[in-house]
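Have a look at the structure below, then the notes.
There are 2 protein chains.
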Amino acid sequence: MDAGVEARLRAGDVTFGVDDAALLRAIAESGSVSAAASELGRSRSRALTRLETLESAFGSLVERRRGGSDGGGSRLTDTAHDLLARFDRLCAAVSGTAQASETVVEGTVTERTGELALVETAAGTVRALVDENAAVDSAVQVSIRADAVTLHAPDDAPAGGATSARNRFRGTVTGLDVGTAVASVTLDVGTASPLVALVTVESVERLALAVGDEVVASFKATATRATTV
Amino acid sequence: MDAGVEARLRAGDVTFGVDDAALLRAIAESGSVSAAASELGRSRSRALTRLETLESAFGSLVERRRGGSDGGGSRLTDTAHDLLARFDRLCAAVSGTAQASETVVEGTVTERTGELALVETAAGTVRALVDENAAVDSAVQVSIRADAVTLHAPDDAPAGGATSARNRFRGTVTGLDVGTAVASVTLDVGTASPLVALVTVESVERLALAVGDEVVASFKATATRATTV
DNA sequence: GTTCGTTGTTCCGACATAGATACAACGACT
DNA sequence: AGTCGTTGTATCTATGTCGGAACAACGAAC
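So the protein lines, in turn, are chains A and C.
All residue numbers for the first sequence refer to UniProt numbering, where the first residue is 1 and numbers rise by one.
All residue numbers for the second sequence refer to UniProt numbering, where the first residue is 1 and numbers rise by one.
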């Protein structure tokens with residue numbers, strides 16, 4: 001999980017976070033609540049109380065048994081495994097959200113149809129999903145995830161315009177950060193902040209991208225979010 | 001913010017969450033820490049202590065003044081406004097993450113290049129971003145956001161294959177949930193869980209989608225995440 | 001029967017969080 | 001000078017969180 005962001009699953013007043021996940025994982029690994037607590041440098045007392053709280057909200061998580069060849073023990077339920085998988089996916093998503101450069105563009109809502117709105121920005125008109133607060137003339141911030149942006153050569157760009165399901169900005173490559181398999185491309189599209197696209201190295205090579213080139217960036221309306229400021 | 005998910009910004013040991021955002025907003029609106037605390041049904045004492053903690057981690061957030069025509073008052077700094085905007089965007093992203101149906105497909109890593117890997121799934125081979133834990137033969141869960149999926153008529157589908165920057169699954173429409181401007185399309189692509197795509201109503205109409213139709217779903221490699229299980 | 005190592009349960013103390021209270025200080029206004 | 005309504009500061013109490021300690025209970029192994 002990214003150091004600057006923290007996510008938790010919530011059920012009623014109870015939340016499930018990193019420490020809880022660590023506890024469940026330590027139990028799965030050691031087969032004992034006592035050993036898990038000890039490994040995590042926490043009290044068994046607290047671990048038991050915490051499990052009680054979590055189980056009241058999320059269902060049975062740990063099956064505990066006393067006596068037997070190993071003195072007793074504990075193991076995770078399927079519910080616990082599901083919960084951990086859910087938490088992992090949330091973390092990956094939030095981590096992706098935090099890490100994926102996100103371009104924020106100021107704009108004004110000019111039209112609204114259900115959950116979609118047209119937003120006028122310095123780079124042109126954008127279609128985006130909006131929350132219930134956004135009405136015509138609302139000032140909004142449009143967030144465009146770098147991993148949602150597809151790059152095209154100007155000649156190959158998909159048809160655009162206000163009626164298209166796909167937004168498109170024409171821009172100039174101002175930066176290229178090429179890694180092993182993934183590259184970050186920075187574009188000047190006329191907005192205060194540059195638009196960043198996270199694409200594969202193959203896309204960069206296929207398009208023969210270099211600083212100074214003209215490209216068209218496209219991104220889905222339903223992957224574009226506008227929040228009121 | 002979605003009821004099942006909670007997100008916070010973190011700096012060191014200090015986190016900034018919903019309650020903190022509410023406090024800053026109430027201060028901005030009333031122009032006073034006392035009034036804000038009162039409105040939120042909290043103690044002024046606590047509000048002040050909390051502000052102190054937040055400011056130690058995030059920088060100066062509130063400018064306070066005593067005396068004057070209104071007896072004194074407080075206003076937010078630019079830093080506070082930036083922090084709130086950042087928090088709002090995180091919430092919108094997390095909310096989008098939680099709300100956007102996300103299809104999870106089991107798979108096995110067959111090849112890895114830097115941050116990208118090939119994953120064999122029941123629907124075919126997928127390219128996805130992976131975390132550092134994922135090695136060849138690792139079992140992974142591939143998450144595909146509904147808002148990252150583009151639908152195409154079979155004839156118009158982009159070129160596919162293991163070398164393409166774009167993943168593609170061929171499937172059959174099994175469900176259509178059409179709203180005012182946004183639609184959710186469910187596809188049987190051969191995996192245990194159906195693939196869900198969040199698209200505009202216009203896309204549905206342009207493709208003349210109906211249950212039983214064959215379509216091709218495509219989604220970017222860099223927008224596809226695989227987490228180890 | 002005894003030992004072992006876990007769980008089940010209860011109780012206690014330390015520290016953190018949160019609210020309540022009170023007085024001093026400030027600057028505009030009367 | 002007095003009033004107003006905020007802030008600055010300090011102190012106190014109640015509740016929640018967390019860790020620690022202790023004993024009983026369990027079932028396999030010896």
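Cβ coordinates follow ideal geometry from the N, Cα and C atoms, glycine included.
{"query": "Hey, does ARG76 of chain C have any beta-carbon neighbour from chain A nearer than 8 Å?", "result": "Reading off the sequence, residue 76 of chain C comes out as Leu, not Arg. Closer than 8 Å: no."}
{"query": "Comparing the C-beta of VAL5 of chain C with each C-beta of chain A, is any distance below 8 Å?", "result": "yes"}
{"query": "What's the gap between the Cα of ARG8 of chain A and the Cα of VAL5 of chain C?", "result": "6 Å"}
{"query": "Leaving out five residues before and five after LEU51 of chain C in sequence, what residues of the same chain have Cβ atoms less than 8 Å from its Cβ?", "result": "LEU23, VAL33, LEU61, VAL62"}
{"query": "To which residues of the same chain is GLY179 of chain A closer than 8 Å at the C-beta, ignoring the five residues directly before and after it?", "result": "VAL201"}
{"query": "According to the Cβ coordinates, are GLY171 of chain A and VAL142 of chain A closer than 8 Å?", "result": "no"}
{"query": "Between GLY67 of chain A and chain C, is the shortest Cβ-Cβ distance under 8 Å, so that the two count as touching?", "result": "no"}
{"query": "Apart from the five residues on each side of it in sequence, which residues of its chain come closer than 8 Å, Cβ to Cβ, to LEU54 of chain C?", "result": "VAL14, PHE16, ASP20, LEU61"}
{"query": "Determine the extent of the beta strand (DSSP E) in which VAL62 of chain C is found, giving its start and end residues.", "result": "62-66"}
{"query": "Which of the three DSSP states is assigned to THR79 of chain C in this structure?", "result": "helix"}
{"query": "Taking the beta carbon of ALA162 of chain A as the centre, do at least 16 other beta carbons fall within 10 Å, making it buried, or is it exposed?", "result": "Bear in mind that the predicted position of ALA162 of chain A carries a pLDDT of just 46, short of 50, making it unreliable; the figure below should be weighed with that in mind. ALA162 of chain A comes out exposed."}
{"query": "Starting from the beta carbon of ASP88 of chain C, find every residue of chain A whose beta carbon is closer than 9 Å, and list them in chain order.", "result": "GLN141, THR227, THR228, VAL229"}
{"query": "Report the neighbours of LEU187 of chain A on chain C: residues whose CB is nearer than 7 Å to its CB, in chain order.", "result": "Result: empty, since nearest Cβ-Cβ is about 15 Å, beyond 7 Å."}
{"query": "At a CB-CB cut-off below 8 Å, which residues of chain A make contact with ARG10 of chain C?", "result": "ALA3, GLY4, VAL5, GLU6"}
{"query": "Counting pairs of Cβ atoms below 8 Å between the segment 132-152 of chain A and the segment 193-208 of chain A, do you hit three or more?", "result": "yes"}
{"query": "Could you check whether VAL182 of chain C and ALA210 of chain C sit closer than 8 Å to each other, using their CB atoms as the reference points?", "result": "no"}
{"query": "Out of curiosity, what's the CA-to-CA distance linking ARG44 of chain A and SER193 of chain A?", "result": "50 Å"}
{"query": "Taking beta-carbon pairs under 9 Å, can you tell me which members of the segment 206-218 of chain C lie near chain A?", "result": "ARG206"}
{"query": "Within the 8 Å Cβ cut-off, does GLU115 of chain C reach chain A?", "result": "yes"}
{"query": "Applying the 10 Å Cβ sphere with the 16-neighbour rule, what's the burial state of VAL136 of chain C?", "result": "exposed"}
{"query": "Flag ASP155 of chain A as yes if its beta-carbon sits less than 8 Å from any beta-carbon of chain C, otherwise no.", "result": "no"}
{"query": "For the UniProt domain \"Mop\" (162-228) of chain A, list the alpha helix (DSSP H) runs that are entirely contained and at least 4 residues long, ordered along the chain.", "result": "201-206"}
{"query": "Just the chain C side, please: which residues come within less than 7 Å of residue 237 of chain A by C-beta, in chain order?", "result": "Chain A is shown from 1 up to 229; residue 237 of chain A falls before or after that span and cannot be answered."}
{"query": "GLU115 of chain C by DSSP, collapsed to three states: which one?", "result": "coil"}
{"query": "Could you tell me which chain C residues have their CB closer than 7 Å to the CB of LEU198 of chain A, listed as they occur along the chain?", "result": "THR222"}
{"query": "At a CB-CB cut-off below 9 Å, which residues of chain C make contact with VAL182 of chain A?", "result": "GLY114, GLU115, LEU116, LEU129, ALA221, THR222"}
{"query": "Quick check on DSSP: helix, strand or coil for LEU40 of chain A?", "result": "coil"}
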